[in-house]
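Student: Structure in structure tokens, see below.
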């Protein structure tokens, strides 16, 4: 998809911190989290909810009341005459939501679109499906999160398997994976300087209130401390494997969002700050059992749609659940590894699925702003050997 007039005001592109699963956000509904974080983000940017024509909600893990999620979130935010779709495409959900919003804005579905993404991997639901043909009508059960992570039902293999296969295809070593992970950790730590001044530009806290307490989560929780020595001590899943617990991500809880509108409206809403232009979005599927290859394919398609070459890209952010992802992207595009993910990435801070790409796009926009503007690329993988990419420019 190529977009001609789709913009995001920089102050209206936000993310919550990401909280490692089974941590402080484990018992808050992803829908409640979405409402609270979005309300805070819109208030912080002085955005009048009456300006939103539609709400696009992205979420991949069912929550109580999620059947009604988009209209419920909209009504709770005060947008009682607004509804919209719910979109789920694993970790490509944020790109799918932005593409839907941009298309709706351009095709008469409402000039200004509010995009909200939220997921809680903690305490995932146990789904019980009726099965009348079985003995006594006994049901079949599925743990939505754990079983989805364990294996792709088409390949019967785990996501870890796709990383090992891609590493073998690329000839990547254990040492390369360890070194890249350490680089990504140092980049993340650099982004925390001056009391996280840069993060605070796009972070909105998660606030958990009860009758007895009020907890404010304004920083990522559950980040591991990485060192060359520590990474070297970790054992892979099998003797000849290259991926260890240190070179793959962890599930998390969080929320993120954006307002998508036309150029003139975006400039008015930006209040003198930059605007982010959406140039293109693309999706791709790699060969069977090779999920980490898909982001490179999606990136190539998105660049072609935007009439851009990799040489015109200032920086790239990625959803990289495995270090292997970035190694393959570098192999295919030649883009320097050290110019990817300057503010951190999901390999280090985890991923709540739907909001993961949105946070990475926010970090891409702020990285480009610090560099004086320019063109950037986000790309990441998703379950089912899928990938998604977005090309943006900061003006």
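Numbering (the working numbering), first residue to last: 19 to 413.
From the three backbone atoms N, C-alpha and C, an ideal C-beta is built for every residue, glycine too.
1. Leaving out five residues before and five after residue 63 in sequence, what residues of the same chain have Cβ atoms less than 6 Å from its Cβ?
2. At what residue ranges does the region 231-285 contain a whole run of the alpha helix (DSSP H), taking only runs of 4 or more?
3. Could you name the residues of the same chain whose beta carbon sits closer than 7 Å to that of residue 236, not counting the 5 residues immediately before and after it, in chain order?
4. With DSSP as the reference, label residue 190 as helix, strand or coil.
5. Run through DSSP, which three-state label would residue 147 get?
6. As an exercise, report each continuous alpha helix (DSSP H) stretch of at least 4 residues that is fully enclosed by the region 344-390, in chain order.
7. I'd like to know whether the C-beta of residue 402 is nearer than 8 Å to at least one C-beta of chain D.
8. Helix or strand or just coil, what does DSSP make of residue 411?
9. Where do the ends of the alpha helix (DSSP H) carrying residue 397 lie?
10. By DSSP, does residue 10 sit in helix, in strand, or in coil?
11. Can you tell me which of 47, 377, 367 puts its alpha carbon nearest to the alpha carbon of residue 203?
12. Can you look up residue 335 in the DSSP assignment and give me helix, strand or coil?
13. Could you tell me which of 87, 369, 94, 108 sits nearest to residue 241, measuring between CA atoms?
14. Let me confirm a value: residue 153 is counted as buried when at least 16 other C-beta atoms fall within 10 Å, else exposed. Which label applies?
15. Report, in whole angstroms, the separation of the C-beta atoms of residue 141 and residue 45, which I expect to be a contact under 8 Å.
16. Does DSSP put residue 19 in a helix, in a strand, or in coil?
17. In whole angstroms, what is the alpha-carbon distance linking residue 82 and residue 410?
18. If you check the beta carbons only, do residue 336 and residue 267 fall under 8 Å apart?
19. So, for residue 106: in the same chain, excluding its five sequence neighbours on each side, which residues have a beta-carbon less than 6 Å away from its beta-carbon?
20. To which residues of the same chain is residue 315 closer than 7 Å at the C-beta, ignoring the five residues directly before and after it?
21. According to DSSP, is residue 132 part of a helix, a strand, or is it coil?
22. Which one of 26, 311, 19, 22 has the shortest CA to CA distance from residue 279?
23. Please report the straight-line C-alpha distance between residue 86 and residue 171, rounded to a whole angstrom.
24. List the residues that DSSP assigns as beta-bridge partners of residue 76.
25. Let me check one thing: in DSSP terms, what residues is residue 27 bridge-paired to?
26. Under three-state DSSP, which class holds residue 299?
27. To the nearest angstrom, report how far apart residue 163 and residue 115 are at their CA atoms.
28. CB-CB under 8 Å to residue 384, same chain, minus the five flanking residues each way: which ones, in chain order?
29. Apart from the five residues on each side of it in sequence, which residues of its chain come closer than 7 Å, Cβ to Cβ, to residue 168?
30. Can you tell me whether residue 46 is helix, strand or coil according to DSSP?
Tutor: From the atom records:
1. What you label residue 63 is simply residue 45 of the chain shown in a count that begins at 1. These residues qualify, in order along the chain: 29, 30.
2. 246-251
3. Here residue 236 refers to the residue found at position 218 when the chain shown is read from its first residue. 35, 221, 223.
4. Here residue 190 refers to the residue found at position 172 of the chain shown. Looking at residue 190 - three-state DSSP - the assignment turns out to be coil, as it is neither helix nor strand.
5. Here residue 147 is taken as the residue at index 129 of the chain shown, counted from 1. Strand at residue 147.
6. 364-367, 372-388
7. Of the protein chains in the structure, only one exists, and it is not chain D.
8. Numbered from 1 along the chain shown, position 393 holds the residue referred to as residue 411. In the structure shown, residue 411 sits in a strand (DSSP, three-state: E or B).
9. If you number the chain shown from 1, residue 397 lands on position 379. Per DSSP, residue 397 belongs to no alpha helix (DSSP H); it is in the beta strand (DSSP E), 392-400.
10. With the chain covering only 19 through 413, there is no way to say anything about residue 10.
11. The residue you call residue 203 lines up with position 185 of the chain shown. Of the candidates 47, 377, 367, the one whose C-alpha sits nearest the C-alpha of residue 203 is 367.
12. Your numbering for residue 335 matches position 317 in the chain shown. DSSP places residue 335 in strand when its eight states are reduced to three.
13. Residue 241 sits at position 223 when you count from the first residue of the chain shown. For residue 241, the nearest C-alpha among the options comes from 369.
14. Position 135 of the chain shown holds residue 153. So residue 153 counts as exposed.
15. Within the chain shown, residue 141 is the residue found at index 123, counting from 1. Within the chain shown, residue 45 is the residue found at index 27, counting from 1. Between residue 45 and residue 141 the Cβ distance is about 7 Å, and since that is below 8 Å, they are a contact.
16. Mapped onto the chain shown, residue 19 falls at position 1. It is coil, neither helix nor strand.
17. Indexing the chain shown from 1 puts residue 82 at position 64. Indexing the chain shown from 1 puts residue 410 at position 392. Taking the straight line joining both Cα atoms gives about 35 Å.
18. Counting from 1 along the chain shown, the entry for residue 336 is found at position 318. Counting from 1 along the chain shown, the entry for residue 267 is found at position 249. Contact flag unset, no.
19. The residue given as residue 106 occupies position 88 in the chain shown. Here the set comprises 78.
20. Position 297 of the chain shown, counted from the first residue, corresponds to residue 315. So the list reads 302, 304, 405, once near-sequence residues are dropped.
21. Taking the first residue of the chain shown as 1, we reach residue 132 at position 114. Residue 132: strand per DSSP, three-state reduction.
22. Start at 1 with the first residue of the chain shown, and residue 279 comes out as number 261. Residue 26 is the option with its Cα nearest to residue 279.
23. By 1-based counting over the chain shown, the position of residue 86 is 68. By 1-based counting over the chain shown, the position of residue 171 is 153. Their Cα atoms are separated by approximately 28 Å.
24. As a position in the chain shown, residue 76 is number 58, starting the count at 1. The partner list for residue 76 (beta bridge, DSSP) reads 105, 135.
25. Counting from 1 along the chain shown, the entry for residue 27 is found at position 9. The partner list for residue 27 (beta bridge, DSSP) reads 293.
26. Residue mapping note: residue 299 aligns to position 281 of the chain shown, counting from 1. Looking at residue 299 - three-state DSSP - the assignment turns out to be strand.
27. For the purposes of this step, residue 163 is taken as residue 145 along the chain shown, with counting starting at 1. For the purposes of this step, residue 115 is taken as residue 97 along the chain shown, with counting starting at 1. Going by the C-alpha atoms only, they are around 21 Å apart.
28. The residue you call residue 384 lines up with position 366 of the chain shown. Correct list, in chain order: 28, 216, 219, 220, 361.
29. Numbered from 1 along the chain shown, position 150 holds the residue referred to as residue 168. Around residue 168: 176.
30. Along the chain shown, one-based indexing puts residue 46 at 28. Correct three-state label for residue 46: coil.
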